[in-house]
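K.L.:
Residue numbers (the working numbering): 507 to 655. This is the structure I have questions about; it appears just below.
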C-alpha cells in the first residue's frame, strides 16, 4: 500500500504572506485543520511549511496577538516532514507517530505538492481493511464447518 493511493489530492494551500485571518477563513470554508505553506514555481507548488488550527490558537490568539498584524509566514515553524507518493503507507504512519504529527504533505517525484495524508482520513481506511479481515476469517470458519458435515 502506497501513500499516493490513500492521500487526499485536494490540499488547501497558502503562501507565507497570507494573513492569519485569511488562513483561518480558508480552513473554515474547506473544513480542514491546516493549510500547507507553499512556494509557487509556475504551476508547481513546493511545500515549505504547514500551519494548523492549533498553531493559530496557541501562537496568535492565546498570546493576545492581533491576527491582522501577522501572516502565516511569521509563525514559528518546525522542519516540515513530507511523504512521497511511493512511500509505504504503514511506514509513513509509523513516521507520523514518531514525529507526533497527524498530517503530512505528500509530494511527487519532483518534490511538488500532490496531496495530504491525515491520520483522521486513514481511520476509515483502517476500519475498512479490518472489516475485510473479519469477513475473511468468518468465511474460512464457515467453510471449515461446512466441510466437516
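Just so you know, even glycine gets a beta-carbon here, dropped at the ideal spot from N, CA and C.
Per DSSP, what kind of secondary structure is residue 568 in: helix, strand or coil?
P.N.:
Here residue 568 sits in coil by DSSP.
K.L.:
Could you check what DSSP says for residue 585 in three-state terms: helix, strand or coil?
P.N.:
Residue 585 falls in the coil class under three-state DSSP.
K.L.:
Taking C-alpha atoms, which residue in 618, 581, 654 lies nearest to residue 549?
P.N.:
Selected option, being the one with the closest Cα: 618.
K.L.:
Tell me, to the nearest whole angstrom, how far the beta carbon of residue 557 is from that of residue 541; I am working on the premise that it is less than 8 Å.
P.N.:
Yes, they are in contact, since the Cβ atoms of residue 557 and residue 541 sit about 5 Å apart, within 8 Å.
K.L.:
Which of helix, strand or coil does DSSP assign to residue 578?
P.N.:
Correct three-state label for residue 578: helix.
K.L.:
Are residue 533 and residue 595 closer than 8 Å when you measure CB to CB?
P.N.:
No, they are not a contact pair.
K.L.:
With a Cβ-Cβ cutoff of 8 Å, do residue 624 and residue 608 count as a contact?
P.N.:
Taking 8 Å as the Cβ cut-off, residue 624 and residue 608 qualify as a contacting pair.
K.L.:
At what residue ranges does the region 525-570 contain a whole run of the alpha helix (DSSP H), taking only runs of 4 or more?
P.N.:
Qualifying alpha helix (DSSP H) stretches, in chain order: 526-536, 559-562.
K.L.:
Report buried or exposed for residue 630, applying the criterion of at least 16 other Cβ atoms within 10 angstroms of its Cβ.
P.N.:
Residue 630 is exposed by the Cβ-count criterion.
K.L.:
List the residues that DSSP assigns as beta-bridge partners of residue 602.
P.N.:
Paired residues: none, contrary to the question.
K.L.:
In this structure, does DSSP put residue 669 in helix, strand or coil?
P.N.:
Beyond the ends of the chain as shown, which are 507 and 655, falls residue 669; an answer cannot be given.
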